[in-house]
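What follows is a single structure, written as C-alpha cells, with notes after it.
2 protein chains.
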Amino acid sequence: MRPDSSHTAAAAAWQGRSVLVTGGLGFIGSTLARRLCDLGAEVTVLDSLLPQYGGNRYNINGYEDRLHIDTSDLRDSAALEGLLNGKDIIFNLAGQTSHLDSMHDPETDLAINVIAQLRLLEACRKRAPKVRLVYASTRQLYGKPLVLPVDESHPIDPVDVNGINKLSAEMYHLLYAKVYDLSACVLRLTNTIGPRMRIRDARQTFVGIWIRQLLEGRPIEVWGGEQLRDFNDVEDVVDAMLLAAIDRNLPPVPFNLGSDEVISLVDLAKLMIELHGSGDLVVTPYPEERKKIDIGDYYSCYDRFRSASGWQPSRSLRHSLQSTLAYYGENLCRYA
Amino acid sequence: MRPDSSHTAAAAAWQGRSVLVTGGLGFIGSTLARRLCDLGAEVTVLDSLLPQYGGNRYNINGYEDRLHIDTSDLRDSAALEGLLNGKDIIFNLAGQTSHLDSMHDPETDLAINVIAQLRLLEACRKRAPKVRLVYASTRQLYGKPLVLPVDESHPIDPVDVNGINKLSAEMYHLLYAKVYDLSACVLRLTNTIGPRMRIRDARQTFVGIWIRQLLEGRPIEVWGGEQLRDFNDVEDVVDAMLLAAIDRNLPPVPFNLGSDEVISLVDLAKLMIELHGSGDLVVTPYPEERKKIDIGDYYSCYDRFRSASGWQPSRSLRHSLQSTLAYYGENLCRYA
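Sequence lines, in order, name chains A and B.
Counting in numbering that gives the first Met the number 0, the first sequence runs from 0 upward without gaps.
Counting in numbering that gives the first Met the number 0, the second sequence runs from 0 upward without gaps.
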C-alpha cells in the first residue's frame, strides 16, 4: 500500500468494521491492532497474556481506550463463541512460536497451535459463517530448504513440532474455506522484525534477544553466522494482512511473505552494531540441542502474493532495524 | 513374502519378540496380531473397543489365550507408559478412520489421531527409546489426485479433517525418528479389504457396508460408480507391516502401499455379486454432503516400498473378495 490514494481507499474499507485480532497484544498483533484503530475499525484484541508468549499490555500504549481487550484463552471455546458475535474480520495471530519450546513441551504447542485453532474455526462455522479470516502461518513448515528462494510449491518437511502443528492449522483454515465456504486466507510469514517484538528471549525471533544484548551492552551472540535469512518489517506484514483481509477473491491457498533483502546472520549482527553506533558480537558454534532442528539458509519467494494482491515490502532492513533500535532505546524496561 | 524360505526367515525373526499392536482388535490390527502369534511373537493388543470404531473381540476368536488384551484408551498416557515396558516393536494402528465423522466431530478425530499419537511418541522417547514403530497412515492425505498413479511425491492436500490429522501423526513419527533417533516407519495404506473389517457401516471402508448389503439380500448401494480404486488384501498389508518392522534400515520417509489391480466401484460391486452368486446393485448420485470431500479416482504407486523392502501384493482382488465373503457368510451375526 504505497501511494496515498490506496491508503485513502484502505481507510474507507476499514471505517466501522468490527475486527478481532487473536494474539492482539503480541508483536505483530498489536502493531496490526494499532493500525486498525487508526483506520477507524472497531477493534477487539484477544490475548491470554501468558508470560512465555509475546503478549504485552504496553504494546498498545496510547491505544488502551480505542480498543477492547479480552484476555480469554483461545483454547476456551465458550469464550470464543461470544467474541465472534458481529465480527466482520478475524486476524488469527495467536500462537506458540518457539521452536525449542515445541520440542520440550509438544502437547502445549499442539493445544495452542492446533486444538485452539480448530475450536476457533468450528466457532466461526457455527456463529460467524460470513467472517473473513486471515491466518498467520510460518515459513517454518518448509523445513530445510532444498532450493532457494522457497516458493509455495516447495516440499513441506517441518523440522520441529511447531512446524507440523502450524501446518495442521493452516490446512484446517483452507479446508474450512473449501468445505464450509468460510472465507479464509493463509499467509506464511518469514522472519518479522520491528518495535514491540519479544526481546526477553529468543522465543519469537533471535533478533529480539540480539536487540536486548546490544542495548544492554553485551555482545550479540551469533550461532553459526553464515546462515542466510530474509526479514520483513512488521509494518509491511501489517500491510499484507490488511490486503489479505479486504480481498475476499484471493484463492484459498497459502501465500508466502518475504523480502528482496537477504543477509547472513553475522552481517545482520554487524549492521545492527553499525546502526546502534557501538557493540560487539561473538560467534559460537550452533548449539547441539538445536542442530537437528536447524534449517540452514532460508529466504522466500513472495511472487504468488505479489501477483494476487499487489503487495510488496517497502521498508528496508536498515529502516526496520533503526526503528526497532530507537523503540527499544526508549522502552527497554517495558520488555527486558 | 512369497517363497517359503523367506517365510521361514520371517518366523525366526519374530520368535519371542515382544510386540504391541495398537488398535489390535480392529480389522488390520487383529489380522496382524493373529499372524504375529503364529510366528511366535509375544503379542499385546491395545484397543479401547469404542463401539464406533473397528475393534471387535471376535476378531481374535481362537487366539484369546495366545495374546494379552489391554482395553486402555491410547489417549491415556499413564496407561501407555506401563504398556511400553520391554516392547521391541509397536505396530501403531489405532485411529479414527471415518472421513465423515472427522467432519462432524473434528475434535475427537484430533484427540485420537493426533494427541494420542503424540503421547505415544513421547512415551516411547522416554520409556522405550529402542523400540521399532510402524505407523499405519493413509492415502487420504493426498486428497484429490492430480496425476495417477499417486506416488509419495504427489502434493499433500487432504480433503477432510481426518486427512490433515493423519498427516500430522505421520509427520510426528518421522520427526521423532530424525530428532530423537527413534526407529519409525510410515506406511500409507490404500483401501484394505478382507475378513474382520467393519461391515456395520461405511466408517472403515465402503466395501464393508457393501458386503453386509449383499449378504443381507439388499442391493449394493453405489455412489457415483465410475471412480477408480485400488485394493490391498489385508494379508498383503500384514506382510508389508512385518517387513517394515524388521528392516530398521528403511529410510524415515513415508511409503505407499498399493495394488496393480485397479477397478471402478460399479465393476467392483458387479464382481462381488458374481462371486456371491446373486445380488443386485443400485447406483445413486454422490450424496451432496460428501461431494466436497470426494477425491474422484485414486490408485497408488508403491514402487518406493517395493524397491526398499521387496514387498509386493500377492493376493488378487478376486481372492480377497472370496475370502471376505466366505468369512462373513459364516460370521455375519458377529459383525452386523
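Backbone N, C-alpha and C define an ideal beta-carbon position, used for all residues, glycine too.
Q | For ASN231 (chain A), the three-state DSSP class (helix, strand or coil) | A | strand
Q: Give a yes or no on whether 8 Å exceeds the smallest Cβ distance from SER167 (chain B) to chain A.
A: yes
Q. Along the chain, where does the beta strand (DSSP E) that runs through HIS406 (chain B) open and close?
A. Residue coverage of chain B in this structure runs from 0 to 335, which leaves residue 406 (chain B) outside it and unanswerable.
Q) First and last residue of the beta strand (DSSP E) that includes LEU132 (chain B)? A) 131 to 137
Q. So is PRO105 (chain A) in contact with chain B if we call contact Cβ pairs under 8 Å?
A. yes
Q: Compare the C-alpha of LEU280 (chain A) against each of A:ASP72, A:VAL206 and A:GLU169 and name the closest.
A: Of A:ASP72, A:VAL206 and A:GLU169, the smallest CA-CA separation from LEU280 (chain A) is found for A:VAL206.
Q) Which residues bound the beta strand (DSSP E) around VAL149 (chain B)? A) Careful: VAL149 (chain B) lies outside any beta strand (DSSP E) and carries neither H nor E.
Q) Going by Cα to Cα distance, which pick from A:GLN95, A:THR43 and A:PRO154 is closest to THR337 (chain A)? A) Because chain A here runs from 0 to 335, residue 337 (chain A) falls outside it and cannot be looked at.
Q | SER136 (chain B) to VAL160 (chain B) span [Cα, whole Å] | A | 14 Å
Q) Counting along the chain, where does the alpha helix (DSSP H) carrying PRO105 (chain B) start and finish? A) 105 to 109
(Q) Distance check for TYR326 (chain B) and ILE294 (chain A), CA to CA, integer angstroms please. (A) 52 Å
Q: Just mark ARG217 (chain A) as buried or exposed, buried being the case when its beta carbon has 16 or more other beta carbons within 10 Å.
A: Exposed, since its Cβ has fewer than 16 Cβ neighbours within 10 Å.
Q: Please list the residues of the region 167 to 193 of chain B that have a C-beta atom closer than 8 Å to any C-beta atom in chain A, keeping them in chain order.
A: SER167, MET170, TYR171, LEU174, LYS177 and VAL178
Q: Could you work out which residues of chain B lie near LEU109 (chain A), taking near to mean beta carbons separated by less than 8 Å?
A: When 8 Å is used as the limit between beta carbons, LEU109 (chain A) is near these residues of chain B: VAL113, ILE114 and LEU117, in chain order.
Q: Determine the chain B residues that contact ILE163 (chain A) at a beta-carbon separation under 7 Å, and present them in chain order.
A: SER167, MET170, TYR171 and LEU174
Q | For ARG202 (chain A), the residue or residues it bridges with in DSSP | A | According to DSSP, ARG202 (chain A) bridges with nothing at all.
(Q) Would LEU173 (chain B) and VAL185 (chain B) be called neighbours here (beta carbons separated by less than 8 Å)? (A) yes
Q: Run down chain B in chain order and give the residues with a C-beta less than 8 Å from the C-beta of PRO312 (chain A).
A: Within chain B, no residue comes near PRO312 (chain A); the closest Cβ sits about 28 Å away, beyond 8 Å.
Q) Excluding the five sequence neighbours on either side, which residues of its own chain have a C-beta within less than 8 Å of the C-beta of GLY337 (chain B), listed in chain order? A) In the structure displayed, chain B extends from 0 to 335; residue 337 (chain B) sits before or after that span and is not available.
Q. Who are the neighbours of PRO157 (chain A) on chain B, taking C-beta pairs under 8 Å?
A. Neighbours of PRO157 (chain A) on chain B, chain order: MET170 and LEU174.
Q. Using a C-beta cutoff of 8 Å, does VAL146 (chain B) count as contacting chain A?
A. no
Q.
Let's see if you can read the secondary structure: which residues bound the beta strand (DSSP E) around SER263 (chain A)?
A. In the DSSP assignment, SER263 (chain A) falls within the beta strand (DSSP E) that extends over 261 to 263.
(Q) Whole angstroms are fine: how far does the CA of GLN203 (chain A) sit from the CA of ASN84 (chain B)? (A) 38 Å
Q) Is the region 221 to 235 of chain B touching the region 109 to 129 of chain B, taking contact as three or more C-beta pairs under 8 Å? A) no
**Q.** Bounding residues of the alpha helix (DSSP H) (the contiguous stretch that carries LEU49 (chain B))
**A.** Careful: LEU49 (chain B) lies outside any alpha helix (DSSP H) and carries neither H nor E.
Q) For GLU220 (chain A), which of A:GLY257, A:ASP259 and A:ASP266 has the nearest alpha-carbon? A) Closest by C-alpha distance to GLU220 (chain A), out of A:GLY257, A:ASP259 and A:ASP266, is A:ASP266.
Q. Does the beta carbon of VAL160 (chain B) sit closer than 8 Å to a beta carbon anywhere in chain A?
A. yes
Q: Compile a chain-ordered list of the residues in the region 215 to 235 of chain B whose CB is closer than 8 Å to at least one CB of chain A.
A: none
(Q) Would GLU151 (chain B) pass as an interface residue toward chain A - the criterion being a Cβ-Cβ separation below 8 Å? (A) no
(Q) Going by the DSSP bridge assignment, what does PHE254 (chain A) pair with across the sheet? (A) DSSP, once it has assigned bridges, lists A:LEU186 as partnering PHE254 (chain A).
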